[in-house]
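Colleague:
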Ligand code: SAM
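Numbering (this note's numbering), first residue to last: 1 to 262.
1. Around the C-beta of residue 62, are 16 or more other C-beta atoms found within 10 angstroms, so that it is buried, or is it exposed?
2. Have a look at residue 94 and residue 187 and give me their C-alpha separation to the nearest angstrom.
3. Is residue 135 near the ligand SAM, judged by its Cβ being under 7 Å from some heavy atom?
4. Grouping DSSP H, G and I as helix and E and B as strand, with all else coil, what is residue 74?
5. Is residue 169 close to the ligand SAM? I mean its beta-carbon at under 7 Å from any heavy atom of the ligand.
6. Considering only heavy atoms of the ligand SAM, does any lie closer than 7 Å to the CB of residue 92?
7. Report the start-end ranges of each alpha helix (DSSP H) in the region 133-193 that is 4 residues or longer and not cut off at the edges.
8. Starting from residue 98 and walking both ways along the beta strand (DSSP E), at which residues does that stretch end?
9. Excluding the 5 residues flanking residue 78 on each side, which residues of the same chain have their C-beta closer than 6 Å to its C-beta?
10. Return yes when the C-beta of residue 125 is under 7 Å from any heavy atom of the ligand SAM, and no when it is not.
11. Considering only the beta carbon of each residue, do residue 31 and residue 60 sit closer than 8 Å?
12. I'd like to confirm something about residue 50: is its beta-carbon nearer than 7 Å to some heavy atom of the ligand SAM, or not?
13. Is any heavy atom in the ligand SAM found nearer than 7 Å to the beta carbon of residue 41?
14. Could you tell me which residues DSSP pairs with residue 55 in its beta bridges?
15. Just to confirm before moving on: does the CB-CB distance between residue 39 and residue 175 stay below 8 Å?
16. For the region 122-130 against the region 62-76, are there 3 or more C-beta pairs whose distance is under 8 Å?
17. In terms of DSSP beta bridges, what is residue 130 paired with?
18. By DSSP, does residue 79 sit in helix, in strand, or in coil?
19. Ends of the alpha helix (DSSP H) at residue 19?
20. Assign residue 191 to buried or exposed, taking buried as 16 or more other Cβ atoms, counted over all protein chains shown, within 10 Å of its Cβ.
Next up, the structure:
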């Protein structure tokens, strides 16, 4: 039975076999535990299965697609009919998961932020191979001193090594989306700048990037009574803008903040 795609669930199904094959070849998945988010009609799922994972877990919110997937893949996969934003990913497998997802674009940043930033302990995954709207992917991987550089780049690059793999045009999907897409590969860094609570990095970057055209003197003043002392210590030029500060500098500002409040 043909199911009418739901726009509200971001249902643009991948139909290009070359792209599907490129995505599943990014990582060695034989004998590994794999999780796919939003398998939809199962095109990517079928190719993942051919690579013989140890276990394949699927999380699909749409009950109509979930029922079809159950018939299609029977006992080869473990299916979860839930909203990924409500799933406790840590309970899915004892092993670290390789995660694939042609993510629903309206919640893609929320999903990745939940996984990468909100977590203060160990990661439950070993790598993430995820598709985003190209414009969002460009913001995630953008470099300091560029107009795309912002909160998302600072927050996600803190603990992750992120590579852009390739772009995908609208013709590779059904129905065709209005935008281009990009596939990103995330691998947890072995070491990263230690801060006590990730929510402090979220807060500090929010304060800075809320006014991205203003000089950094303003957010520093808002955060620290002794802002001149802090800026001298960190050798900050108060005339710089938020996009001119590196990830390391943001982490150092968080450290000063944490010293102050703890
Ligand atoms: N992976 C399939 C493909 O590439 O053809 C489908 C990708 S489609 C862009 C997004 C999929 O995520 C849809 O199947 C949709 O029903 C599902 N989805 C949307 N919101 C979801 C949510 N909150 N939790 C889990 N799945 C969701």
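Quick reminder that beta carbons are idealized off the backbone N, C-alpha and C, glycines included.
Keep in mind that this is a model prediction, so the values were computed, not measured.
Modeller: This is what the structure gives:
1. Translated into the one-based positions of the chain shown, residue 62 becomes position 62. Result: buried.
2. By 1-based counting over the chain shown, the position of residue 94 is 94. By 1-based counting over the chain shown, the position of residue 187 is 187. About 19 Å.
3. As a first step, residue 135 is located in the chain shown; it is residue number 135 there, counting from the start. Every heavy atom of the ligand SAM is 7 Å or more from the Cβ of residue 135, so no.
4. Position 74 of the chain shown, counted from the start, is the residue given in the question as residue 74. Of the three classes helix, strand and coil, the one that applies to residue 74 here is coil, per DSSP.
5. To locate residue 169, count along the chain shown from 1; it is residue 169. No, the ligand SAM has no heavy atom inside 7 Å of this Cβ.
6. Indexing the chain shown from 1 puts residue 92 at position 92. Checking the Cβ of residue 92 against the ligand SAM gives no.
7. 134-140 and 151-159
8. Walking along the chain shown from the start, residue 98 turns up at place 98. 97-102 is the extent of the beta strand (DSSP E) around residue 98.
9. Locating residue 78 in the chain shown gives position 78, counting from the first residue. 57, listed in sequence order.
10. By 1-based counting over the chain shown, the position of residue 125 is 125. No, the Cβ of residue 125 stays beyond 7 Å of every heavy atom of the ligand SAM.
11. For the purposes of this step, residue 31 is taken as the residue at position 31 of the chain shown. For the purposes of this step, residue 60 is taken as the residue at position 60 of the chain shown. In this structure, residue 60 does not lie closer than 8 Å to residue 31 by Cβ.
12. Residue mapping note: residue 50 aligns to position 50 of the chain shown, counting from 1. No.
13. For this step, residue 41 is matched to residue 41 along the chain shown. Yes.
14. On the chain shown, position 55 is the one that residue 55 refers to. Paired residues: 33.
15. Here residue 39 corresponds to residue number 39 of the chain shown, with the count starting at 1. Here residue 175 corresponds to residue number 175 of the chain shown, with the count starting at 1. Taking 8 Å as the Cβ cut-off, residue 39 and residue 175 do not qualify as a contacting pair.
16. no
17. Against the chain shown, residue 130 aligns to sequence position 130. Answer is 101 and 184, bridged to residue 130.
18. In the chain shown, counting from the first residue as 1, residue 79 sits at position 79. Looking at residue 79 - three-state DSSP - the assignment turns out to be strand.
19. Counting from 1 along the chain shown, the entry for residue 19 is found at position 19. It spans 17-24 - the alpha helix (DSSP H) in which residue 19 sits, taken as one unbroken run.
20. Translated into the one-based positions of the chain shown, residue 191 becomes position 191. When all chains shown are included, residue 191 counts as exposed.
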